[in-house]
Amino acid sequence: MSTLHVVSHSPFTDSRLDSCLRVCGSDDAILLCGDGAYGLRHPALLTKGVKVFVLAEDSLARNLPLPDWADCVDYPGFVQLSIDYDKVNTWL
Numbered sequence: 003m004s005t006l007h008v009v010s011h012s013p014f015t016d017s018r019l020d021s022c023l024r025v026c027g028s029d030d031a032i033l034l035c036g037d038g039a040y041g042l043r044h045p046a047l048l049t050k051g052v053k054v055f056v057l058a059e060d061s062l063a064r065n066l067p068l069p070d071w072a073d074c075v076d077y078p079g080f081v082q083l084s085i086d087y088d089k090v091n092t093w094l
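Numbering (the working numbering), first residue to last: 3 to 94.
Here it is, written out as structure tokens:
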């Protein structure tokens, strides 16, 4: 069963992204939004091999370049991701 993990907190202020990465399976994906977009700078995302998406509005607001291992989505894309994955888990 695939899960879309939504992370909205900076990985540099708490451990939600690290906790998320520990439970991510090979069919899962992570959507970074809000301050979670700073996760694009987190080195663990490179080594985990999980699919990473970032909300375009949030990466632009924080002037974060998009690495080639991540994809940008808009709000309709966010909705589509929530349909494409079996479950959505928001890391509050």
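Glycine included, each C-beta is placed from N, C-alpha and C at the ideal position.
ask   = With 16 other CB atoms within 10 Å as the buried threshold, where does residue 60 fall?
value = Translated into positions along the sequence shown, residue 60 becomes position 58. Residue 60 sits buried, since 16 or more C-beta atoms from the chains shown fall within 10 Å of its C-beta.
message = Under 6 Å: does the beta carbon of residue 71 sit that close to some heavy atom of the ligand COA?
response = Only the bare structure without any ligand can be found here, which leaves the ligand COA out of the picture.
Distance, residue 73 Cα to residue 25 Cα = Your numbering for residue 25 matches position 23 in the sequence shown. Your numbering for residue 73 matches position 71 in the sequence shown. About 21 Å.
task = Could you tell me the distance, in whole angstroms, from the CA atom of residue 13 to the CA atom of residue 48?
result = Sequence index remark: in the sequence shown, residue 13 carries index 11 (1-based). Sequence index remark: in the sequence shown, residue 48 carries index 46 (1-based). Per the coordinates, the alpha-carbon of residue 13 lies some 14 Å from the alpha-carbon of residue 48.
request  = Could you tell me which uninterrupted alpha helix (DSSP H) segments, each at least 4 residues in length, are contained entirely in the stretch 31-79, listed from first to last along the chain?
outcome  = List check, alpha helix (DSSP H) in window: 46-50 and 58-63.
ask   = For the candidate residues 33, 83 and 4, whose alpha-carbon lies nearest to that of residue 71?
value = Position 69 of the sequence shown holds residue 71. Here the closest residue by C-alpha is 33.
ask   = Under three-state DSSP, which class holds residue 6?
value = In the sequence shown, counting from the first residue as 1, residue 6 sits at position 4. Taken through DSSP and simplified to helix, strand or coil, residue 6 comes out as strand.
ask   = Does the Cβ of residue 89 have 16 or more other Cβ atoms within 10 Å, making it buried, or fewer, making it exposed?
value = One-based indexing of the sequence shown puts residue 89 at position 87. So residue 89 counts as exposed.
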